[in-house]
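Peer 1:
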Amino acid sequence: MHAHTLTPPPAASSGTAGQKMSSLQILTLVICFLVVAADGFDVASVGYVAPLLKAQWALTPAQLGPIFGAGLFGLTVGSFLFGPLADRIGRKRVIALSLALFGLGSLGCAYAPSPLWLIVLRFATGAGLGGAMPNAITLSSEFSPAKNRALMVTLMFSGFTLGLAFGGAVAALLIPRFGWQGVFIFGGIFPLCLLPVVWLWLPESLRFMAGKPAYAEEARKLVARLPADSDVLQQEPAAASAGKSLLGTLFSRHYRAGTLLLWLAFFCTLWVYYQVSSWLPTVITDAGIDAAHAATVGAMLPLGGTIGSLVNARLMDRMNPFFVLAGSYAVAAVSIALIGFSIHEPMWVYLTVFMAGLGLSGAQTGANVLVAGFYTTAARATGVSWALGVGRIGSIIGAMSGGLLLAAVHSVGLAFVLFAAPAVLAGVAMLANGWFYRGKSLQS
431 MHAHTLTPPP AASSGTAGQK MSSLQILTLV ICFLVVAADG FDVASVGYVA
481 PLLKAQWALT PAQLGPIFGA GLFGLTVGSF LFGPLADRIG RKRVIALSLA
531 LFGLGSLGCA YAPSPLWLIV LRFATGAGLG GAMPNAITLS SEFSPAKNRA
581 LMVTLMFSGF TLGLAFGGAV AALLIPRFGW QGVFIFGGIF PLCLLPVVWL
631 WLPESLRFMA GKPAYAEEAR KLVARLPADS DVLQQEPAAA SAGKSLLGTL
681 FSRHYRAGTL LLWLAFFCTL WVYYQVSSWL PTVITDAGID AAHAATVGAM
731 LPLGGTIGSL VNARLMDRMN PFFVLAGSYA VAAVSIALIG FSIHEPMWVY
781 LTVFMAGLGL SGAQTGANVL VAGFYTTAAR ATGVSWALGV GRIGSIIGAM
831 SGGLLLAAVH SVGLAFVLFA APAVLAGVAM LANGWFYRGK SLQS
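Take the sequence shown: its letter number 260 is residue 690 in the working numbering, and every next letter is one higher.
See below:
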């Protein structure tokens, strides 16, 4: 009667254990990879235009802040808005809508006549991104084989890291030729070119279409493109969320504790990540390290995160994923606490920042994978989007509070110990969830 439990599938030779991925599944993951890459590009590239905006409009740092804060606020609103919409009209349609909003918003930014208009358009761009990423995660999870689901979704999500990496490179090429406007134009053209690809070739979720007469023909054609033994075809019990609203499902007796604990973990994770990533370069340069070395140290954070994500994915496919992520948060907390004490030791600061990324970014990517498989189909997109939305609130607080904390304690060592506290809370939340749901069916 149950869809699946937290206990990972054994490596025995069942009907789907040795199943190869179909071309449809691979295509879905590749398109979702490109969707999150567009998000990564925007996050990275917008930072490079800040000095040019400041110079052109004679902005103070205080006036520049709202331009970037608007994007984060848009992400938060988009996450809360587009998740429930996707559970009502489908993942594919919301991804397409989000790409259109994101692309047009970014193009509009290139022609913004004033800082106020840029703030409005950055909000619209962020709202589009807030709808695209969680639904790409949801759809990737639903089309990935159960045996390697965590690894497949993690590989898809590496598109975000690739977008981050290419954001700086593309901005460096475009700014000398086209100014800051060129970065926004490229950031708009990319998702708009991706829009017809999504509309024509990205499949809708079979689990979403199941039991809906309007989608019967589309679902039949999709099933014909999958292997007969594909676990993508396996459905959850129809009674899983019958008669419940989307939020009613998230806060039903079965999910309530898990929802609140996952929200706490997401909130704390993005809080500490934005706190560390926003203020680490300043702390490093204040310690007397030149800008070139500071950038190299900063690069250890995403590098460690990429490796940590892959390690966590392999472990999550084999054991209780909540316990795996609790361990990752423990690594993150210890490493972040040690950064402040190793700031004057070049070898140790590289190591501690790398390990902080491995634990923290690895845990966040793993949490994205976990939440996509936590809820029943009817509320899955809402569950992923709202968890990310709560996390975005944490990111805003983290980015704003880091400087206040550094100024208040007058000690870099103590500041990073305090920076690590949210990671400890996130780990405890994951540990509690793992204990609460061990051996239980998630979708009952």
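Glycine residues also receive a C-beta, built at the ideal position from the N, C-alpha and C atoms. Since this is a predicted model, take the numbers as computed values, not measurements.
So which of PRO852, MET785, ALA853 and LEU835 has the shortest CA-CA distance to ALA845?
Peer 2: LEU835
Peer 1: If you follow the alpha helix (DSSP H) that GLU648 is part of, which residue opens it and which one closes it?
Peer 2: 646 to 653
Peer 1: Would DSSP call PHE681 helix, strand or coil?
Peer 2: coil
Peer 1: Closest by CA to LYS577, which one among TRP693, GLY824, ARG748 and ALA654?
Peer 2: ARG748
Peer 1: Out of SER528, THR807, PRO496 and GLY833, which has the shortest C-alpha to C-alpha gap to LEU511?
Peer 2: SER528
Peer 1: Between which two residues does the alpha helix (DSSP H) harbouring GLU775 extend?
Peer 2: Per DSSP, GLU775 belongs to no alpha helix (DSSP H) and is neither H nor E.
Peer 1: According to DSSP, is PHE804 part of a helix, a strand, or is it coil?
Peer 2: In this structure, PHE804 counts as coil in the three-state DSSP scheme.
Peer 1: Hey, could you find the ends of the alpha helix (DSSP H) GLU572 is sitting in?
Peer 2: 545 to 573
Peer 1: Just to confirm the assignment: which complete alpha helix (DSSP H) runs, minimum length 4, are found wholly within the segment 733 to 791?
Peer 2: 751 to 769
Peer 1: To which residues of the same chain is LEU861 closer than 8 Å at the C-beta, ignoring the five residues directly before and after it?
Peer 2: PHE752, PHE753 and ALA756
Peer 1: Check for me: the alpha helix (DSSP H) holding PRO621 runs from which residue to which?
Peer 2: 579 to 631
Peer 1: Can you grab the Cα-Cα spacing for the pair ARG887 / ALA540, in whole Å?
Peer 2: Nothing in the structure corresponds to residue 887, since the chain is present only between 431 and 874.
Peer 1: Report all residues from its chain with a CB closer than 6 Å to the CB of LEU559; omit the five preceding and five following residues, and keep chain order.
Peer 2: ASP469, LEU505 and PHE532
Peer 1: Expressed to the nearest angstrom, what Euclidean distance is found between the alpha-carbon atoms of CYS462 and GLY813?
Peer 2: 18 Å
Peer 1: Mind the definition here: the segment 787 to 794 touches the segment 728 to 736 only if three or more C-beta pairs lie below 8 Å; say whether that holds.
Peer 2: yes
Peer 1: Look at the alpha carbon of THR715 and the alpha carbon of SER841, and state the distance between them as a whole number of angstroms.
Peer 2: Cα atoms of THR715 and SER841: separation of roughly 15 Å, rounded to the nearest angstrom.
Peer 1: From PRO564 to ASP517, what does the alpha carbon distance come to, in whole angstroms?
Peer 2: Whole-angstrom Cα-Cα distance: 12 Å.
Peer 1: Can you grab the Cα-Cα spacing for the pair VAL628 / VAL662, in whole Å?
Peer 2: So the alpha carbons of these two residues sit roughly 20 Å apart.
Peer 1: Could you tell me whether the Cβ atoms of ILE619 and VAL466 are closer together than 9 Å?
Peer 2: no
Peer 1: From the DSSP output, in three-state form, read off LYS484 for me.
Peer 2: helix
Peer 1: Using only CA atoms, which one of LEU624, PRO626 and LEU652 lies nearest to PRO633?
Peer 2: For PRO633, the nearest C-alpha among the options comes from LEU652.
Peer 1: Alpha carbons only, please: which of ASP472, GLY678 and LEU551 is nearest the one belonging to THR591?
Peer 2: Of the candidates ASP472, GLY678 and LEU551, the one whose C-alpha sits nearest the C-alpha of THR591 is ASP472.
Peer 1: Whose C-beta lies closer than 8 Å to the C-beta of THR458 among residues of the same chain, with five residues either side of it excluded?
Peer 2: LEU569, SER570, PHE573, LEU632 and PRO633
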